[in-house]
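*Asks:* Have a look at the structure that comes next, please.
There are 2 protein chains.
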Amino acid sequence: MDLRDRAGTRVSMRDRPIGVFDSGIGGLTVVGALQKILPQEEIIYFGDTAHVPYGTKSREIIRKFSLHNARFLMKFNIKLLIVACNSSSAVALPELKRRFSVPVLGVIEPIVEKTVQICKGRIGVIATPATIESGIYQRTIRKFSRRENKNVEIFTQECPLFVPLAEEGWLENKISEQIAQRYLGFLKNKIDVLILGCTHYPLLRKVIKKAVGKRVVLIDSASETAKRAREILKERNLLAAYPSPRRGEVNKKGKIRFYVSDSPQRFKKLGKNFLQKGIGRVECIKLE
Amino acid sequence: MDLRDRAGTRVSMRDRPIGVFDSGIGGLTVVGALQKILPQEEIIYFGDTAHVPYGTKSREIIRKFSLHNARFLMKFNIKLLIVACNSSSAVALPELKRRFSVPVLGVIEPIVEKTVQICKGRIGVIATPATIESGIYQRTIRKFSRRENKNVEIFTQECPLFVPLAEEGWLENKISEQIAQRYLGFLKNKIDVLILGCTHYPLLRKVIKKAVGKRVVLIDSASETAKRAREILKERNLLAAYPSPRRGEVNKKGKIRFYVSDSPQRFKKLGKNFLQKGIGRVECIKLE
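From first to last, the protein sequence lines are chains G and Z. So in this note's numbering the end of the first sequence lands on 294, straight run, no missing numbers. So in this note's numbering the end of the second sequence lands on 294, straight run, no missing numbers.
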């Protein structure tokens, strides 16, 4: 099936971009994981930096912002929408799925599915206040564990200082160690898997691991969400076509375009840590 | 001069409320100081919690939000507008003064005036990235020091973790001590006055004092801004009339009405620490 893009050119369904949004820069960890396993895909990223953070805001307003972000990405004729923000995934996913015809993928189901598969029965979940209070992880874990016939015990903890800590770039110093210790010390030797329920948290992986104990498996949304995205595109025959490397041809590399609703300079500066490489042009769009 | 309020009742100019806005809860420290020295005044407080924090956002968007907040307060027929947010005061004050006919007071000039009066020549300024980058404190200090014929040296430091730390309520523990030490250790024995250039910072006064040294005088915007507000109202004969306590009558106590653009529950919960007393009804207004 072919479509025409905004300039009227015929665009194969498979060559349409993947749209990703987050409240700010955290979703770049998902983009990084996507690029690793789907390097040929074009990605449009939108960071709602005018409203960041979502994690301390209300359900109603997060839903409103999420809808606005999704509408912006739809203008690019995307083939898949990834909600790379836990707070949005927690409260806005059903509405986004109802409103748009393209597949919509959040960061919560992929990570929970993986967790329930590998866990021995004791799961920890850390996230922002909004995500924990929404109860979404707790509900989703119970849903998948019933399906797998597993008994699980769930421990949750809000970690509001982790986001500013990751943005400040204090990833492994004594202060971040102590903050992790204070939030997570009670989980030590209590759990076998820990869900990092916020896209900022993978940056603090080392201090989190130290606080909960070496044997605890940390699961982050970035790689699990990227894998699920690949499955969805494959099922629908929507993976971007690219020449086989075995024929000696150079792979087509998917471009990433970055949009934000405020402070492109700050996004560029902080985003490097999250994407684990430099960020090119960032365009700032006006709020409606 | 008398006016009519929205219900058509005649309202004396002096009995009109003072309007105060901030990006969130920080401005409540200013409200607390106002209530101490002007207990008879009615106050309308607006916290733009849908957009908090301002300190990491761009000048353009802070200006836009500030204008929106001021317009909301103008509906209450206020006699004085206090911009109890450093980021807004840094970038939006001239425009607000131009657009509205009531006097507009920011938190920066009062604190700088006091600082330059008492300092011996070495001033430290701590604030959010937006405020420091705006250069407003540096420019205002130079303006007042020229006027007072004083030579001053200025040291600045951004402290982005102080706001989430204050909101988390970690005001005097080891972690907040170490964060203060890390940000401010270089100022020890280097300055004689330190400006707390963010309305959240007074809550961290103890650990800040410990980091910069006992002899350093800390100046916060709350009490200086409240004093300047009293001067402005007095000059214009706008102080709310109330019976003299010497006659044995009970003083009229000014009410405070609280409005936010999101999460009234969170505002109530966190606001207590900032106002240093319980917060009653908080109304959530819809964003336009």
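For every residue, glycine included, the Cβ atom is placed at its ideal position computed from N, Cα and C. Computed from a predicted model, the values in this text were never measured in an experiment.
#1: Measure from the C-beta of E178/Z to each C-beta in chain G and report whether the shortest distance is under 9 angstroms.
#2: Run down chain Z in chain order and give the residues with a C-beta less than 7 angstroms from the C-beta of D54/G.
#3: Measure from the C-beta of E47/Z to each C-beta in chain G and report whether the shortest distance is under 9 angstroms.
#4: Whole angstroms are fine: how far does the CA of I84/G sit from the CA of G25/G?
#5: In the structure shown, what three-state DSSP assignment does E230/Z receive?
#6: Apply the 10 Å Cβ neighbour rule to Q123/G and answer buried if 16 or more other Cβ atoms are within range, or exposed otherwise.
#7: Could you say if the stretch 178 to 196 of chain G and the stretch 127 to 140 of chain G meet the contact criterion of at least three C-beta pairs nearer than 8 angstroms?
#8: Measure the CB-CB distance between L86/Z and M80/Z and report whether it falls below 9 angstroms.
#9: Is the CB-CB distance between S29/Z and A96/Z below 9 angstroms?
#10: Please report the residue range of the alpha helix (DSSP H) in which V118/Z lies.
#11: State the CB to CB distance for the pair A6/G and G219/G, rounded to an integer number of angstroms; the pair is presumed to be in contact (CB under 8 angstroms).
#12: Let me confirm a value: M19/G is counted as buried when at least 16 other C-beta atoms fall within 10 Å, else exposed. Which label applies?
#13: Could you check how far apart the C-beta atoms of A228/Z and P208/Z are, in whole angstroms? I think they sit under 8 angstroms.
#14: If I225/G and Q184/Z are in contact, beta carbons under 8 angstroms, what's the gap, nearest whole angstrom?
#15: Going along the chain, which residues of its own chain have a beta-carbon closer than 8 angstroms to the beta-carbon of K120/Z, five neighbours each way excluded?
#16: Any beta-carbon of chain C closer than 9 angstroms to the one on K274/Z?
#17: Measure the alpha-carbon distance for A235/Z versus V113/Z and round it to whole angstroms.
#18: Under 9 angstroms, Cβ to Cβ, is there at least one residue of chain G near T62/Z?
#19: Have a look at N75/Z, G286/Z and K261/Z and flag the residue whose alpha-carbon is nearest the alpha-carbon of I49/Z.
#20: Where R77/G and F27/G are concerned, what is the direct C-alpha to C-alpha distance, given to the nearest angstrom?
#21: Could you tell me which chain Z residues have their CB closer than 9 angstroms to the CB of S140/G, listed as they occur along the chain?
#22: With 16 other CB atoms within 10 Å as the buried threshold, where does L244/Z fall?
#23: Considering E164/Z, what are the terminal residues of the beta strand (DSSP E) in which it resides?
#24: With DSSP run on the structure shown, which of helix, strand or coil describes Y51/G?
#25: For F52/Z, does the count of other Cβ atoms within 10 angstroms reach 16, so buried, or fall short, so exposed?
#26: Mind checking G254/Z: buried by the 16 CB within 10 Å criterion, or exposed?
#27: Any contact between the stretch 67 to 74 of chain G and the stretch 270 to 283 of chain G? By contact I mean 3 or more CB pairs, one from each, below 8 angstroms.
#28: If you compare alpha carbons, which of A246/G, A247/G, R287/G and K259/G is closest to V266/G?
#29: Using beta carbons (cut-off 9 angstroms, strictly below), is G166/G in contact with chain Z?
#30: Name, please, each residue of chain Z whose Cβ falls closer than 7 angstroms to the Cβ of P170/G.
#31: So, D268/Z versus A98/Z, is the Cβ gap smaller than 9 angstroms?
#32: Does DSSP put F27/G in a helix, a strand or coil?
#33: Taking the alpha carbon of H206/G as the point to measure from, which residue in L44/G, Y60/G, I285/G and P23/G has its own alpha carbon closest?
#34: Let me know the secondary structure DSSP gives A76/Z once reduced to three states.
#35: Counting only beta-carbon atoms, is E289/Z nearer than 9 angstroms to chain G?
#36: What is the rounded straight-line gap between the Cα of I117/Z and the Cα of F150/Z?
*Replies:* So, to answer that:
#1: Not one chain G Cβ lies under 9 angstroms of E178/Z.
#2: None at all; the shortest Cβ gap to chain Z is about 11 angstroms.
#3: no
#4: 6 angstroms
#5: helix
#6: exposed
#7: yes
#8: no
#9: no
#10: I114 to I124
#11: There is no way to answer for residue 6/G, as the model of chain G reaches only from 7 to 294.
#12: Exposed is the call here.
#13: 6 angstroms
#14: I225/G to Q184/Z, Cβ: 30 angstroms. No contact.
#15: I225 and E230
#16: Chain labels in this structure do not include chain C; the protein chains are G and Z.
#17: The alpha-carbon atoms of A235/Z and V113/Z are separated by roughly 10 angstroms.
#18: yes
#19: K261/Z
#20: 11 angstroms
#21: What S140/G touches in chain Z: nothing, since even the nearest Cβ is about 13 angstroms away.
#22: buried
#23: E159 to E164
#24: strand
#25: So F52/Z ends up on the buried side.
#26: Reliability fails at G254/Z, whose pLDDT of 49 lies under 50, so the model's placement of it is uncertain and no value is given.
#27: No, the stretch 67 to 74 of chain G is not in contact with the stretch 270 to 283 of chain G.
#28: R287/G
#29: Before going on, a small fix: residue 166/G reads as Pro here, not Gly. For P166/G, the answer is yes, since a Cβ of chain Z falls inside 9 angstroms of its Cβ.
#30: P166, L167 and P170
#31: no
#32: In this structure, F27/G counts as strand in the three-state DSSP scheme.
#33: Y60/G
#34: helix
#35: Taking Cβ atoms only, chain G never reaches closer than 9 angstroms to E289/Z, which makes this a no.
#36: 11 angstroms
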